[in-house]
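Numbering (the working numbering), first residue to last: 60 to 374.
We treat Cβ as the ideally placed atom computed from N, Cα and C, and that holds for glycine.
Just so it is clear, the structure is predicted and the values come from calculations on it, not from any experiment.
Here the structure is laid out as structure tokens; the discussion comes afterwards.
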Ligand code: RIB
Ligand code: CA
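Following this line, the structure appears as structure tokens:
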């Protein structure tokens, strides 16, 4: 099988971590690097979380720290969703490999330069690293085959009425990515808020019966607290959609749309604005996931967790 080489860039983050559970378990993917970005928590915390999740999952690709703040402005964090550590809940193993000495952007550029085939970037946090990669290393842009993101929302926001967290944290970065000309798969709130994992799903996941399954349920139990208070029927586990849009497009319904990023506006900065009716006359720049088969989503999580049998690590 020709594997798809990927770079994981995220802000773990409970749903980033579960996205990485899918990525490591999928034989179609070859994880070439992991880069932590500031987002759900500060960079020091997302970096430590990334290292611990990689130790848990057996991801042996190089890990680096990316951007500690957005291109403009100060970091924005989401401790209300992810806790003080950024990944509160079950205990995790200590890191099992040193952090790369390279800045995240330089590690991404190195992986791209050395790859014999185009590499897909799976970005599940603010897009600061991806934008800075494009600015600092234009020579490797052609080696980026596509970018699959969790971010945005074509009809609503979450961090504020008009904007989703990942895009709102760094709208300028998102603007550069959406204007890069690189093929984009966009999993915004339109689909990720339908990617609900409900308490009624937890027993089936737990029944997989290994350490990783138990930790995933622990993450879900923590992560569900806040959306439950908001009235969600389950945890909107956003980030795995960015992986599954690559590996299982059949569980989604998507639309090819021209999407731009609002940089101004008291209420609209960070909005992802889709030209549903083609009014702008611009060619689509993103395949936007709109619907998901939730039952298949849960099936695929249970299937992915089987991969971790016999891979328990000391905690
Ligand atoms: O808005 C949801 C996104 O923000 C997810 O990627 C979550 O991990 C946070 O980064
Ligand atoms: Ca994330």
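- Within 10 angstroms of the beta-carbon of residue 344 lie 16 or more other beta-carbons, which makes it buried.
- Rounded to whole angstroms, residue 173 and residue 166 show a C-alpha spacing of 11 Å.
- Between ligand 2 and residue 183, a heavy atom-to-CB distance of less than 7 Å is present.
- Straight-line measurement puts the Cα of residue 83 at about 12 Å from the Cα of residue 62.
- Taken in chain order, the complete alpha helix (DSSP H) segments of 4 residues or longer contained in the region 231-279 are 248-251, 261-265.
- Secondary structure at residue 165: helix, using DSSP grouped into helix, strand and coil.
- Cβ contact annotation for residue 363 (same chain, cutoff 8 Å, sequence separation greater than five): 80, 81, 84, 85, in chain order.
- Straight through space, the alpha carbons of residue 269 and residue 369 are spaced by roughly 8 Å.
- Check the Cα spacing between residue 348 and each of 355, 183, 312, 154: the tightest is with 312.
- Contact annotation, residue 102 with residue 127: C-beta distance approximately 4 Å; criterion of less than 8 Å satisfied.
- Apart from sequence neighbours up to five positions away, the residues of its chain that approach residue 350 with a beta-carbon distance below 6 Å are 312, ordered along the chain.
- A heavy atom of ligand 1 is found nearer than 7 Å to the CB of residue 137.
- The continuous stretches of alpha helix (DSSP H) do not include residue 94, which lies in the beta strand (DSSP E) extending over residues 88-95.
- Counting other Cβ atoms within 10 Å of its Cβ, residue 224 reaches 16 or more and is therefore classed as buried.
- Annotation: residue 333 to residue 371 spans about 44 Å, alpha carbon to alpha carbon.
- Beta bridge pairing from DSSP links residue 68 with 94, 182.
- Straight through space, the alpha carbons of residue 149 and residue 274 are spaced by roughly 6 Å.
- By alpha-carbon distance to residue 245, the top candidate from 306, 106, 314, 325 is 314.
- Judged by beta-carbon spacing, residue 214 lies beyond the 8 Å limit of residue 96, meaning their Cβ atoms are not closer than that value.
- The shortest C-alpha to C-alpha distance from residue 106 to any of 279, 162, 338 is the one to 162.
- A straight-line Cα-Cα distance of about 26 Å links residue 317 and residue 195.
- Judged by DSSP secondary structure, residue 311 falls within the beta strand (DSSP E) whose first and last residues are 311-316.
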